[in-house]
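Trainee: The structure follows.
In the numbering used here, the protein residues as written are 396 to 1077.
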């Protein structure tokens, strides 16, 4: 027992040993949250307070669940087998640790018949769900022009996360659209039930319905799960809150761990009120604040507090660390996104070469940004200077599907014999040309020595249905229209034509948040091709494709462990690095333009900035551009308000050519005449 509680600070010890009743642990970044959770599970067992099988610990990712299991195993010297979903939780010999959905699957496997489902039910993935929505729409004679199927699918998902049944949605419908959505939802659920299937959101919702309609079953699970712990509680939605509340009410031993300052998933349904109102929901709750940080310098913590302190809806705490002092936060103003990338590369070179003291390995450096499209200019600089990098939570810009699609059109127009590009674009948009059809066209092209377009134009259509053949000829006519564009047409105007003829905006904008992100990435191609806009389109496209071929050559990146990490701010949560560069620190990017007029969204953007700053151990760079070419347009944005939220004595202001300090007297800048030193970048 002494070994178990060794090296814990007083607040961690309090959180671990406060075993009875509701407990809210406010855990700041780098405060040892995972350690508290795992030690609490071990303490309950080692102290003899409860049996292992009476503990439920819920996480948000399978990775986090495995990490908890791996830490608990050596502490208790127990074997933690990999349970199948068919293993009943009622007889588990070890603590149940898993995600909300994995725990609910195991409950439903045992209890599905009580809901009228078979125990061997299937779980529909996103493609299955979309197909089911389309079936429901067809039955209701609702066309895709009237209702985007992806929008309907997302609407149903949101309804389920709010625990709204089809009948409730129908009663609440206020207009034609919501009436149709509720009807689609009703048929969708009927078809799921007929197939003895659940979708992802059903796993939690149906478990709650089970507990609410079958109190005897709820009582069984309440008697098993006498101690419940929830990680990342600030990210829970209403359905997840309700599930934990139902299971925990009998004994009241609910311990939730989280940080309202790091709640950044509102767009996925997370409700920050769950953690902010925990004491209201559980009046006898004990609150423990983990405020000692083991990651960052005090200066970084103070800078982060300067940002988050401007939020109104939050629980206050003051993070502190024994790592006093630290380097000032650098706020750098670049002329444009190229200057931004060059500055980042130059600083990475200095850090790697030990110019600021200890050498910083590339693997301990991260570049964070608000949207994926921002990675393009940084990636191009890394490729230019041969700096190894990797992208977390996404793929390299020129390897993203939507980018490869448009580039394939450009490649095919340049080389109409390119079979890979032909096969990629012929069904964008969908033309029904399957593998057999494409094989016939390819074989005929090889026999005749003609290009694919020439082959389609002259093909007799033998073995291909009339409708498919006509669709292929429409494709050929579209490509011919692109090829026939006046030779003096500029590159960007030609890109406009390609996207219009391919109907690509309609193709990617499917009503989802992901569709919007994909379209933002496509628009970023306008920036990439903009540098060649002075040339006629044929020359511009040729030079651009040469650039792309270099950008997708990964031969130089041999060891990702020795590489700089690029990722969105959302992907960075839970990670840590010695040095963090946050790029695009401008109004409209961070905070995002969508949040400007919405106070709740603005507070989330502020929390996102806070998460980014607190990923750093030693150094933080906040970089912004006076002029930025992004999404195909040139933007002149003000520096992010989050930079001025940081107390001025914590920030060193720099730009391309000078180092300067904020002047509090005139809200402007005063030139200190410090020349930025020239750097041999790599």
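Just so you know, even glycine gets a beta-carbon here, dropped at the ideal spot from N, CA and C. Being a predicted model, the structure only gives us computed values, none of them experimental.
Provide the residue span of the beta strand (DSSP E) that contains residue 682, from first to last.
Mentor: Your numbering for residue 682 matches position 287 in the chain shown. Start and end: 681-685.
Trainee: Out of curiosity, what's the CA-to-CA distance linking residue 958 and residue 539?
Mentor: Translated into positions along the chain shown, residue 958 becomes position 563. Translated into positions along the chain shown, residue 539 becomes position 144. Going from the Cα of residue 958 to the Cα of residue 539 covers about 45 Å.
Trainee: Got a sec? Which residues, its chain only, sit under 8 Å from residue 765 by beta carbon, not counting five neighbours each side?
Mentor: Position 370 of the chain shown, counted from the start, is the residue given in the question as residue 765. The residues are 963, 964, 979, 984, 985, 987 and 1003.
Trainee: What would DSSP say about residue 1081, mapped onto helix, strand or coil?
Mentor: Outside the displayed range of the chain (396 to 1077) lies residue 1081, so it cannot be described from this structure.
Trainee: Pull the bridge partners of residue 594 from the DSSP assignment, please.
Mentor: Locating residue 594 in the chain shown gives position 199, counting from the first residue. Bridge partners of residue 594: 519.
Trainee: If we count the other Cβ atoms within 10 Å of its Cβ and call it buried at 16 or more, is residue 351 buried or exposed?
Mentor: For residue 351 there is no data in the structure shown, the boundaries of the chain being 396 and 1077.
Trainee: If I follow the unbroken alpha helix (DSSP H) through residue 669, where does it start and stop?
Mentor: Along the chain shown, read from residue 1 onward, the residue named residue 669 stands at position 274. Element bounds for residue 669: 668-671.
Trainee: Can you tell me whether residue 946 is buried or exposed? The criterion is at least 16 other CB atoms within 10 Å of its CB, across all chains shown.
Mentor: Position 551 of the chain shown, counted from the first residue, corresponds to residue 946. Note that residue 946 scores 48 on pLDDT, short of 50, meaning its location in the model is unreliable; the coordinates nonetheless yield the value given after this. Flag for residue 946 reads buried.
Trainee: List the DSSP bridge partners of residue 1019.
Mentor: The residue you call residue 1019 lines up with position 624 of the chain shown. 728, per the DSSP bridge assignment.
Trainee: Work out the CA separation of residue 995 and residue 407 for me, nearest whole Å.
Mentor: Here residue 407 refers to the residue found at position 12 of the chain shown. Here residue 995 refers to the residue found at position 600 of the chain shown. Straight-line Cα distance between these residues: approximately 31 Å.
Trainee: Which of helix, strand or coil does DSSP assign to residue 762?
Mentor: Counted from its first residue, the chain shown places residue 762 at position 367. Looking at residue 762 - three-state DSSP - the assignment turns out to be strand.
Trainee: Is the segment 519-532 touching the segment 553-561 in the sense that three or more CB pairs, one from each, lie closer than 8 Å?
Mentor: Counting Cβ pairs under 8 Å, fewer than three are found: no touch.
Trainee: Under a three-way DSSP split, which group does residue 1064 fall into?
Mentor: Within the chain shown, the letter at position 669 stands for residue 1064. Confidence at residue 1064 is low in this model, with a pLDDT of 36, below 50, so the placement of that residue should be treated as unreliable; the coordinate-derived value is given next. In this structure, residue 1064 counts as strand in the three-state DSSP scheme.
Trainee: In the DSSP assignment, find the beta strand (DSSP E) that holds residue 507 and state where it starts and stops.
Mentor: In the chain shown, the residue the question calls residue 507 occupies position 112. Counting along the chain, residue 507 falls outside any beta strand (DSSP E), and DSSP gives it neither H nor E.
Trainee: Is it the case that the Cβ atoms of residue 435 and residue 411 are separated by a distance below 8 Å?
Mentor: Within the chain shown, numbered from 1, the residue matching residue 435 stands at position 40. Within the chain shown, numbered from 1, the residue matching residue 411 stands at position 16. A contact, by the Cβ cut-off of 8 Å.
Trainee: Anyone know if the C-beta pair for residue 1048 and residue 768 falls short of 8 Å?
Mentor: By one-based count along the chain shown, residue 1048 stands at place 653. By one-based count along the chain shown, residue 768 stands at place 373. No, the Cβ-Cβ distance between residue 1048 and residue 768 is not below 8 Å.
Trainee: Roughly how many whole angstroms lie between the Cα atoms of residue 671 and residue 585?
Mentor: Counting from one through the chain shown, the residue named residue 671 turns up at place 276. Counting from one through the chain shown, the residue named residue 585 turns up at place 190. Spanning the two alpha carbons is a distance of roughly 37 Å.
Trainee: Over the uninterrupted beta strand (DSSP E) stretch that includes residue 548, give me the two end residues.
Mentor: On the chain shown, residue 548 is found 153 positions in, with the first residue counted as 1. Looking at the DSSP string, residue 548 is not in any beta strand (DSSP E); the run it does join, the alpha helix (DSSP H), is 544-556.
Trainee: Which same chain residues end up closer than 7 Å to residue 925 when comparing Cβ atoms and leaving out the 5 residues on each side of it in sequence?
Mentor: Working through the chain shown from its first residue, we reach residue 925 at position 530. 887 and 1024.
Trainee: How big is the Cα-Cα spacing for residue 401 and residue 632?
Mentor: Position 6 of the chain shown holds residue 401. Position 237 of the chain shown holds residue 632. Computed Cα separation, rounded: 35 Å.
Trainee: For residue 938, which residues from the same chain have a beta carbon less than 6 Å from its beta carbon, with the 5 sequence-adjacent residues on both sides left out?
Mentor: To locate residue 938, count along the chain shown from 1; it is residue 543. These residues qualify, in order along the chain: 927.
Trainee: What are the residues that DSSP puts in a beta bridge with residue 785?
Mentor: Numbered from its first residue, the chain shown carries residue 785 at position 390. Note: residue 785 sits in a beta bridge opposite 960.
Trainee: According to DSSP, simplified to helix, strand and coil, what is residue 768?
Mentor: As a first step, residue 768 is located in the chain shown; it is residue number 373 there, counting from the start. In the structure shown, residue 768 sits in a helix (DSSP, three-state: H, G or I).
Trainee: Can you give me the start and stop residues for the alpha helix (DSSP H) that residue 582 sits inside?
Mentor: Locating residue 582 in the chain shown gives position 187, where the first residue counts as 1. 571-589 is the span of the alpha helix (DSSP H), which, as asked, contains residue 582.
Trainee: Given a threshold of 16 other Cβ atoms within 10 Å of its Cβ, counted over all protein chains shown, does residue 968 qualify as buried or as exposed?
Mentor: Taking the first residue of the chain shown as 1, we reach residue 968 at position 573. With 16 or more other Cβ atoms within 10 Å, it is buried.
Trainee: Could you pull the DSSP bridge partners for residue 411 from this structure?
Mentor: Locating residue 411 in the chain shown gives position 16, counting from the first residue. Residue 411 is not bridged to any residue.
Trainee: Work out the CA separation of residue 822 and residue 1053 for me, nearest whole Å.
Mentor: To locate residue 1053, count along the chain shown from 1; it is residue 658. To locate residue 822, count along the chain shown from 1; it is residue 427. Its pLDDT being 48, under 50, residue 1053 is placed unreliably in this model, and the value from its coordinates should be taken loosely. Each residue's alpha carbon lies about 52 Å from the other.
Trainee: Let me make sure I understand the geometry here. Which of 437, 1010, 669 and 1034 has the alpha-carbon closest to that of residue 423?
Mentor: Along the chain shown, read from residue 1 onward, the residue named residue 423 stands at position 28. Closest by alpha carbon: 1010.
Trainee: On the premise that residue 1007 lies in contact with residue 1046, defined as a C-beta separation below 8 Å, what is that separation, rounded to the nearest angstrom?
Mentor: On the chain shown, residue 1046 is found 651 positions in, with the first residue counted as 1. On the chain shown, residue 1007 is found 612 positions in, with the first residue counted as 1. Between residue 1007 and residue 1046 the Cβ distance is about 15 Å, and since that is not below 8 Å, they are no contact.
Trainee: DSSP on residue 454, reduced to helix/strand/coil?
Mentor: Here residue 454 refers to the residue found at position 59 of the chain shown. In the structure shown, residue 454 sits in a strand (DSSP, three-state: E or B).
Trainee: Round the Cβ separation of residue 544 and residue 489 to the nearest angstrom and send it over; I've been treating them as touching at under 8 Å.
Mentor: On the chain shown, residue 544 is found 149 positions in, with the first residue counted as 1. On the chain shown, residue 489 is found 94 positions in, with the first residue counted as 1. In fact, because the Cβ distance is near 43 Å, the residues do not count as touching under 8 Å.
Trainee: Give me the residue from 846, 593, 572 and 547 with the minimum Cα distance to residue 499.
Mentor: Against the chain shown, residue 499 aligns to sequence position 104. For the residues 846, 593, 572 and 547, the minimum Cα distance to residue 499 belongs to 593.
Trainee: Decide if residue 782 is buried, meaning its Cβ has at least 16 other Cβ atoms within 10 Å, or exposed.
Mentor: Here residue 782 is taken as the residue at index 387 of the chain shown, counted from 1. Burial call: buried.
Trainee: In three-state terms, what does DSSP make of residue 494?
Mentor: Numbered from its first residue, the chain shown carries residue 494 at position 99. Strand.
Trainee: Looking at the secondary structure, which residues open and close the alpha helix (DSSP H) in which residue 1009 lies?
Mentor: On the chain shown, position 614 is the one that residue 1009 refers to. Residue 1009 -> no alpha helix (DSSP H), and no H or E assigned at all.
Trainee: Mind checking residue 648: buried by the 16 CB within 10 Å criterion, or exposed?
Mentor: The residue labelled residue 648 in the question sits at position 253 within the chain shown. Buried, by the Cβ-count rule.
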